[in-house]
Amino acid sequence: MKGLKHLQVWIPYAVSILCSILFIYAATSKLWDFQNFKTQLGQSPILTAYAEWVVWLVPLTEYILAFLILADRFRLIALYGTLGLMTMFTTYIVLVLNFSDYIPCTCGGVLEAMGWTEHIIFNAFFMVLVTLAILLSTPKLPPKAIPT
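What follows is the structure, given as structure tokens:
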């Protein structure tokens, strides 16, 4: 039983470190090649109208989540934020793939080398990990006594 409790602490922590590394890498690669990122977002069939503020909002959100997820106090809310962001990224990919003639790649670095199917699988893998971390991090309420 002690081993299970140990996993309940370490799995969310390990997932948090992985997500933090992913977000720091992703945000930095976007800012490193900012002009390319901005141009590709501007060409997005879905985000064109919002590209001017999304180009700053995405890396900023990634950095904020990357740091909040490492703090015990903010981990659970940051895990929910991470799941939401990964869901939005994945939904965006699916929408662009299914409803657009032009498919810009706004990823940078190693992630840019992935095909779209691999990218969806990669995102889904992280979404499963984050969901597991959320489930293990959520405080368990004691069972209610049944009134007699």
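Under the working numbering, the first residue of the sequence shown is numbered 29, with each subsequent residue one higher.
Using N, Cα and C, we set each Cβ at its ideal position, and we do this for glycine too.
Owing to the predicted nature of the structure, the values given are computational and were not obtained by experimental measurement.
Does R101 pass the burial test, meaning 16 or more other C-beta atoms within 10 Å, or should it be called exposed?
R101 is classed as exposed because its beta carbon has fewer than 16 other beta carbons within 10 Å across all chains shown.
Residues in the same chain with beta-carbon distance under 7 Å from T119, minus the five sequence neighbours each way, listed in chain order, please.
Taking C-beta separations shorter than 7 Å and ignoring five residues to either side along the sequence, T119 has no partners in its chain.
If I follow the unbroken alpha helix (DSSP H) through Q63, where does it start and stop?
That run of the alpha helix (DSSP H) goes 62 to 70.
Spell out a yes or no on whether the region 120 to 130 and the region 87 to 102 are touching, meaning 3 or more CB-CB pairs, one atom from each, closer than 8 Å.
Segments in contact, no.
N-terminal and C-terminal residue of the alpha helix (DSSP H) that H128 is part of:
In the sequence under discussion, the amino acid at residue 128 is Ser, which differs from the His named in the question. Counting along the chain, S128 falls outside any alpha helix (DSSP H), and DSSP gives it neither H nor E.
If I follow the unbroken alpha helix (DSSP H) through Y91, where does it start and stop?
Where Y91 is concerned, the enclosing alpha helix (DSSP H) stretches over 79 to 96.
With distances taken Cα to Cα, identify the nearest neighbour of L98 among K168, W38, L163.
Sorting K168, W38, L163 by C-alpha distance to the C-alpha of L98 places W38 at the top.
The alpha helix (DSSP H) spanning E146 covers which residue range?
Residues 144 to 165.
Within its chain, find whatever has a CB closer than 6 Å to the CB of G109; leave out the 5 residues flanking it on each side and keep chain order.
Within the same chain, and ignoring the five residues on either side of G109 in sequence, the residues whose Cβ sits closer than 6 Å to its Cβ are L93.
For I52, I'd like the list of residues in its chain whose CB is within less than 8 Å of its CB, leaving aside the five on either flank, ordered along the chain.
These residues qualify, in order along the chain: E90, Y91, A94.
Quick check on P40: does DSSP put it in helix, strand or coil?
The answer is helix: DSSP assigns P40 an H, G or I state.
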